[in-house]
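Here's the structure we're looking at; comments come further down.
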Amino acid sequence: MKKCLQLSVLPLLLSAVLFCSCKDDNPGNPNPIVDASVQDAKVTIDQANKRIDVLFYEYNPLSAVEITFKFVDGAYLYTPLMKNPATLDLSNAKYGSTIVVQTGDDLVYYDVYGAVDYPIMGMVATADDGTIEGRVVFDQSTREITVEFNYVIDPTKVDCSFTLSPEGGKLIGLTNPCVLDMSKDQTIKAESNKSGGEVTYKLKAVQSADVSIVPDGWEKVSGYTMPSHMALYKTNMLYENEAYVLVADKRAKFSVLSNGYKFLTTLPEFYQQDPTAAVIINGSATDDMIVVDGQVVNQGRQTSTTGFGVTKTGTVLIGDKFKVEWDKVKQNDSTAHYAMYAVQTLIEKGTKQDNLDAETKDARAAIGVTSRGYYVFFVCQKYTSPGITVEQQRDIMADWACYYAVGLQGGSGSCMLVGGQRTIYSSKTDASTGLTDKDYYKPVGCVGVLK
């Protein structure tokens, strides 16, 4: 029995011997870099996070930084090129450069970052209570700071947080963080222990993203209630007509309200049904396609039509080739969650469409989207003016940088409410008196809604 036990232990002993022989003979040192130096710079090594920071005290492009390493015995630079000193490109502030050190049988990775000590080394600018972050560009050679927002924002209230020099950097006359009016140019003053005195930066004025697409002759309108991601514009110089454009960035959500074609409803009545609707624009007053919350409320008279809508995930569907089935509406392979009929395509993929009516003038309404995904809602009245043609409407939507645009039903039904308030007046004329009833609202089968 004893002999059998001894024999059964032998395989275990052999396995242990083999396992031990497979282990690293020399695991190396987990912190193989003892020191590092760069001429005219301060080098800090964070062994716990395997990070090396190189800080210069005067301008350096950081594209070719020569750094000399001191290693523990037996360790050496494995990459780059097994050279010491090594020349590293540290110009990418986000990713830096990676080096690899051979120590024993192990490889140890370090991330190396470079920076130049300026009183202000970085900045974060946000709008709408921190929900929207701007793109900040520093030009330290000219001391200019530029901030760009790709959303509709209020530039008078921008939250700013500054990264200051680790060598005693501080702002002069400002707290950090702070709220700045960036609708106009600002000067920011700062200093550090190494700056040699006060340094002045120019913070250039910020524009809301919608401003970049506003054509000449249009002015921003106040007095309407709407979310911060929307802006309303007006002109009185559109071929002698009054017109409004509502611009909303990608945070806006499009939907459709309808009580069915058999129960036509005015825009104020639709607003009473949903007071959260920031913007309401007229749909069709005739028997046409309507999709609400994935349900085909009205199939309309055609199996293929022009329209505007969105999928369940918010992807915009616009233009021709809306296929109407009894239980769903599709454009190509996308199913509409909300959709409404449109009369014709005005712009497709940035190209103006031809063969549009260039003679008949009337009140008009249209919906478009820009290449950035902004919504553009347009209405033009014919209350005390001649109105515009479809061709002119197309050109206006192109002026507003629409990549796609469709025209909605025009005439007396053209209307848009913003925060429940009317923009243009109706063009309906009383046949008995010949007078235009500006308080008239034409009932429609559906409306487009933005929130």
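Taking the numbering used here, I'd label the letters of the sequence shown as residues 380 to 830.
Heads up, the beta-carbon is just placed ideally off N, CA and C, and yes, glycines get one too.
Indicate whether residue 708 and residue 748 have their beta-carbon atoms separated by less than 8 Å.
Taking the sequence shown and counting its residues from 1, one reaches residue 708 at position 329. Taking the sequence shown and counting its residues from 1, one reaches residue 748 at position 369. Their beta carbons are not under 8 Å apart, which means residue 708 does not touch residue 748 by this criterion.
Determine which residues share a DSSP beta bridge with residue 435 and list them.
For the purposes of this step, residue 435 is identified with residue 56 of the sequence shown, where counting begins at 1. Beta-bridge pairing links residue 435 to 420, 495.
If you measure between the beta carbons of residue 685 and residue 732, is that distance less than 8 Å?
In the sequence shown, counting from the first residue as 1, residue 685 sits at position 306. In the sequence shown, counting from the first residue as 1, residue 732 sits at position 353. No; because the gap between Cβ atoms is not below 8 Å, this pair is not in contact.
In whole angstroms, give me the CA-to-CA distance for residue 706 and residue 642.
Here the question's residue 706 lines up with position 327 in the sequence shown. Here the question's residue 642 lines up with position 263 in the sequence shown. Spanning the two alpha carbons is a distance of roughly 20 Å.
Mapping the DSSP letters down to three states, classify residue 771 as helix, strand or coil.
The sequence position of residue 771 within the sequence shown is 392, counting from 1. It is helical.
Look at the Cβ atom of residue 825, then the Cβ atom of residue 635, and state whether they are nearer than 8 Å.
Position 446 of the sequence shown, counting from 1, holds the residue named residue 825. Position 256 of the sequence shown, counting from 1, holds the residue named residue 635. Going by C-beta atoms, residue 825 is nearer than 8 Å to residue 635.
What does DSSP give as the partner residues of residue 445 in its beta bridges?
Along the sequence shown, read from residue 1 onward, the residue named residue 445 stands at position 66. Bridge partners of residue 445: 466.
Under 8 Å between the Cβ atoms of residue 626 and residue 610?
Locating residue 626 in the sequence shown gives position 247, where the first residue counts as 1. Locating residue 610 in the sequence shown gives position 231, where the first residue counts as 1. Closer than 8 Å, so yes.
Applying the criterion that 16 or more other CB atoms from any shown protein chain within 10 Å of the CB defines a buried residue, is residue 411 buried or exposed?
Translated into positions along the sequence shown, residue 411 becomes position 32. Buried, since its Cβ has 16 or more Cβ neighbours within 10 Å.
Does the stretch 746-763 touch the stretch 785-798, meaning 3 or more C-beta pairs lie closer than 8 Å?
The stretch 785-798 is in contact with the stretch 746-763.
For residue 541, which option in 784, 559, 535, 802 has the closest C-alpha, if you only look at C-alpha atoms?
Numbered from 1 along the sequence shown, position 162 holds the residue referred to as residue 541. The shortest C-alpha separation from residue 541 is found at 559.
Quick test of the definition: if touching needs 3 or more C-beta pairs under 8 Å, does the stretch 708-719 touch the stretch 663-681?
With the cut-off at 8 Å, the stretch 708-719 and the stretch 663-681 touch.
Hey, could you find the ends of the beta strand (DSSP E) residue 819 is sitting in?
Locating residue 819 in the sequence shown gives position 440, counting from the first residue. Run containing residue 819: none; DSSP gives neither H nor E here.
Quick check on residue 768: buried or exposed, where buried means 16 or more other Cβ atoms within 10 Å of its Cβ?
One-based indexing of the sequence shown puts residue 768 at position 389. Per the 10 Å Cβ criterion, buried.
Do you know how far the Cα of residue 714 is from the Cα of residue 691?
Position 312 of the sequence shown, counted from the start, is the residue given in the question as residue 691. Position 335 of the sequence shown, counted from the start, is the residue given in the question as residue 714. C-alpha separation (whole angstroms): 8 Å.
Which residue from 614, 408, 663 puts its Cα closest to that of residue 453?
In the sequence shown, the residue the question calls residue 453 occupies position 74. The shortest Cα separation from residue 453 among 614, 408, 663 belongs to 408.
Cα-Cα, which of 786, 738, 587, 780 is closest to residue 765?
The residue given as residue 765 occupies position 386 in the sequence shown. That would be 738, whose Cα lies nearest to the Cα of residue 765.
For residue 428, count the other beta carbons within 10 Å of its own beta carbon; 16 or more makes it buried, fewer makes it exposed. Which is it?
Translated into the one-based positions of the sequence shown, residue 428 becomes position 49. By the 10 Å Cβ count, residue 428 comes out exposed.
What's the gap between the Cα of residue 615 and the Cα of residue 563?
For the purposes of this step, residue 615 is taken as residue 236 along the sequence shown, with counting starting at 1. For the purposes of this step, residue 563 is taken as residue 184 along the sequence shown, with counting starting at 1. Residue 615 and residue 563: Cα-Cα distance of roughly 27 Å.
Enumerate in chain order the residues of its own chain whose CB-to-CB distance from residue 527 is below 7 Å, with the five nearest sequence positions on each side excluded.
Taking the first residue of the sequence shown as position 1, residue 527 is located at position 148. Excluding positions up to five away in sequence, the list reads 513, 514.
Residue 604 to residue 800, Cα distance in whole Å?
As a position in the sequence shown, residue 604 is number 225, starting the count at 1. As a position in the sequence shown, residue 800 is number 421, starting the count at 1. Answer to the nearest angstrom: the Cα atoms are 8 Å apart.
Taking DSSP as the reference, what is the three-state secondary structure of residue 476?
Here the question's residue 476 lines up with position 97 in the sequence shown. In the structure shown, residue 476 sits in a strand (DSSP, three-state: E or B).
Applying the criterion that 16 or more other CB atoms from any shown protein chain within 10 Å of the CB defines a buried residue, is residue 802 buried or exposed?
The count along the sequence shown starts at 1 and reaches residue 802 at position 423. Buried: at least 16 other Cβ atoms inside 10 Å.
So, does the CB of residue 584 fall closer than 8 Å to a CB anywhere in chain C?
Included in the structure is just one protein chain, with no chain C present.
In three-state terms, what does DSSP make of residue 584?
Against the sequence shown, residue 584 aligns to sequence position 205. Coil at residue 584, not helix or strand.
Could you spell out where the alpha helix (DSSP H) holding residue 517 opens and where it closes?
Position 138 of the sequence shown, counted from the first residue, corresponds to residue 517. Note, residue 517: premise wrong, no alpha helix (DSSP H); beta strand (DSSP E) at 514-518.
With three or more beta-carbon pairs closer than 8 Å as the criterion, would you say the stretch 499-513 touches the stretch 419-426?
Taking 8 Å as the limit for Cβ pairs, the verdict is that the stretch 419-426 does not touch the stretch 499-513.
Just to confirm, is the Cβ distance from residue 786 to residue 725 under 8 Å?
Residue 786 sits at position 407 when you count from the first residue of the sequence shown. Residue 725 sits at position 346 when you count from the first residue of the sequence shown. Yes; because the gap between Cβ atoms is below 8 Å, this pair is in contact.
Less than 7 Å between C-beta atoms, sequence neighbours within five positions excluded: which residues of the same chain meet that for residue 771?
Position 392 of the sequence shown, counted from the start, is the residue given in the question as residue 771. Closer than 7 Å at Cβ, skipping near neighbours: 618.
Locate the beta strand (DSSP E) running through residue 565, then write down its first and last residues.
Within the sequence shown, numbered from 1, the residue matching residue 565 stands at position 186. Segment 565-570, the beta strand (DSSP E) holding residue 565.
Hey, out of 652, 736, 746, whose CA is closest to residue 696's CA?
Start at 1 with the first residue of the sequence shown, and residue 696 comes out as number 317. For residue 696, the nearest C-alpha among the options comes from 746.
Hey, out of 432, 466, 483, whose CA is closest to residue 405's CA?
Here residue 405 corresponds to residue number 26 of the sequence shown, with the count starting at 1. Residue 405 has its Cα closest to that of 483, out of 432, 466, 483.
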